[in-house]
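Numbering (this note's numbering), first residue to last: 1 to 475.
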């Protein structure tokens, strides 16, 4: 018998941290006085939010004629931005639910971040379907509720499926996020010194005491919600893709859209998580929890999903040629060489070429380069939604009906304003709620494992495993 020295994975939490130091590092952000920089950021976010409110108010007053819609482009920036924001929210549920079920412990540092981003992104996405219908006061017609005209939505329409899919996604994601918050809210409650905080955090921590029964119920509920959320990662953007795929419009009528949209959503979602994580960990001093190892793993996911998206782009051209349908062939040639070629090649550069730099380990671990690529990816994914939506509508079956789509200032202001909603909610999250899943991070540090831990030297010793020697066979 020989002894095999087990070589563990790199530590998920860097530095000489224990339970107490992690508690102080995470909860002090919420308990100390609000920094001036937070107020400055909130003023900027509120200014953008006010811009969105003004743009929507003017839209209600004047109608959708203030947008750049024309005939035949009846879907413009509203649908583009809806699909883009829904995609941004995909990484949160993937990191939280799927990686949890696969027992990927590296998710613990970023899952709270990603879950919050999911909820706020879906809120931004929900703005656009509500306002693009024209008669906003009649938006309740999309819901299957009795009304005086005995009108019912068309249950065969993917547009109605969107209502159910996105609302279910938001509900389950919110519950999943809140259940994970409960132990950490109780920690802040116990550390708070003023009565207002104690009462507020006490209410939302639901009387958590950390007893064995509470932990058992918590882990059971968390597992059930993870199981419910996992299929939603695939179903939500699949149903969003059906808005396009079930139509007969060239460039949309294709079966590759569901997996292609899901991969693109994870691609853009991980990029947005990286953008926010890199900024937050710098400002709040979280580099020992949100480490370069986490960033590298996320960059690998971006490389994989970006390659899947690039493969889908190539398959679209192949299937258009293989189908023998001249309309399908023409629309893809027009995308690459027609009036919107600038958008198409911007999409290809950002989504296909830029992630390939992450084949280099040095670049995967470069904070500055990762931040740059994360922004480039989301720009590229916005262009993807623009290319899909606009090019197929602007160049339909009859060349006599073709028209060039250009957004107006009100299209732009509404879209930019949704960033105000997103960042307002995100700043409130950073200020009042723990940005790191403290209870989960504590579970992955060496002190959480009672075996092979020497309290005298305060070190974790890797276990030695006895492995039998291979026996040579005599011939």
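Here a beta-carbon is modelled for each residue, glycine too, at the ideal position from N, C-alpha and C. No experiment lies behind these values; they were computed from the predicted model shown.
Specify the secondary structure class of residue i as computed by DSSP and reduced to three states.
i, result
"residue 444", "coil"
"residue 320", "helix"
"residue 173", "helix"
"residue 156", "coil"
"residue 102", "coil"
"residue 284", "coil"
"residue 476", "Coverage of the chain is limited to positions 1 through 475, which leaves residue 476 absent and any answer about it impossible."
"residue 143", "coil"
"residue 340", "coil"
"residue 385", "helix"
"residue 314", "helix"
"residue 243", "helix"
"residue 212", "helix"
"residue 397", "coil"
"residue 449", "coil"
"residue 188", "helix"
"residue 292", "helix"
"residue 84", "helix"
"residue 135", "coil"
"residue 162", "helix"
"residue 123", "helix"
"residue 150", "coil"
"residue 475", "Any reading at residue 475 needs caution, since the residue's pLDDT is 48, under 50, leaving its predicted position unreliable; the model's value is listed next. In this structure, residue 475 counts as coil in the three-state DSSP scheme."
"residue 11", "coil"
"residue 89", "coil"
"residue 180", "helix"
"residue 70", "coil"
"residue 205", "coil"
"residue 278", "helix"
Within a Cβ cutoff of 7 angstroms, which residues of the same chain sit near residue i, ignoring the five residues on either side of it in sequence?
i, result
"residue 448", "442"
"residue 289", "13, 109, 436 and 441"
"residue 405", "68, 70, 73, 76, 390 and 394"
"residue 34", "431"
"residue 18", "447"
Out of the options, which has the shortest C-alpha to C-alpha gap to residue i?
i, options, result
"residue 139", "159, 121 and 120", "159"
"residue 49", "313, 109, 220 and 426", "426"
"residue 408", "296, 371 and 78", "78"
"residue 388", "27, 331 and 25", "331"
"residue 250", "381, 319 and 412", "319"
"residue 306", "292, 269 and 293", "269"
"residue 360", "297, 35, 323 and 289", "297"
"residue 476", "392, 39 and 91", "Residue 476 cannot be examined here, being either before or after the span of the chain that is shown, 1 to 475."
"residue 113", "189, 414 and 26", "26"
"residue 184", "148, 434 and 446", "434"
"residue 47", "417, 438 and 446", "417"
"residue 327", "128, 444, 398 and 311", "398"
"residue 390", "143, 339 and 240", "339"
"residue 64", "129, 99 and 115", "129"
"residue 274", "252, 110 and 324", "110"
"residue 57", "239, 134 and 146", "134"
"residue 415", "313, 11, 54 and 156", "54"
"residue 486", "195, 324, 156 and 271", "Nothing in the structure corresponds to residue 486, since the chain is present only between 1 and 475."
"residue 311", "276, 351 and 66", "351"
"residue 40", "428, 439 and 444", "428"
"residue 413", "37, 23 and 52", "52"
"residue 136", "229, 36 and 60", "60"
"residue 162", "101, 235, 132 and 187", "235"
"residue 369", "292, 154, 257 and 87", "292"
"residue 493", "219, 354 and 195", "With the chain running from 1 to 475 in the structure shown, residue 493 is simply not present."
"residue 221", "356, 314, 358 and 178", "178"
"residue 141", "44, 132 and 153", "153"
"residue 386", "341, 362, 103 and 371", "341"
"residue 166", "20, 100 and 231", "231"
Excluding the 5 residues preceding and the 5 following residue i in the sequence, name in chain order all residues of the same chain whose CB lies nearer than 8 angstroms to its CB.
i, result
"residue 346", "379, 380 and 383"
"residue 475", "With a pLDDT of only 48 at residue 475, under the threshold of 50, the placement of this residue in the model should not be trusted; the figure read from the coordinates follows. Taken in chain order, the list of residues that qualify is empty."
"residue 170", "119, 122, 123 and 126"
"residue 357", "363, 369 and 373"
Ignore the nearest five residues each way along the sequence and tell me which others in residue i's own chain have a CB closer than 6 angstroms to its CB.
i, result
"residue 202", "189"
"residue 71", "none"
"residue 237", "261, 262 and 265"
"residue 81", "128 and 415"
> Taking one C-beta from the region 276-283 and one from the region 241-260 each time, how about it: are there three or more such pairs within less than 8 angstroms?
Replying inline: no
> So, do the region 373-380 and the region 283-295 have three or more beta carbon pairs nearer to each other than 8 angstroms?
Replying inline: no
> Using 8 angstroms as the Cβ pair cut-off and three pairs as the minimum, do the region 408-423 and the region 119-128 touch?
Replying inline: yes
>> Please give the ranges of any alpha helix (DSSP H) in the region 17-43, keeping only runs that are unbroken, at least 4 residues long and fully inside the region.
In response: 19-31
> In chain order, which continuous runs of the alpha helix (DSSP H) of length 4 or greater are located wholly inside the region 401-436?
Replying inline: 409-432
> Are three or more beta carbon pairs between the region 173-181 and the region 255-270 nearer than 8 angstroms?
Replying inline: no
> Do the region 142-159 and the region 207-221 meet, that is, are 3 or more Cβ pairs less than 8 angstroms apart?
Replying inline: no
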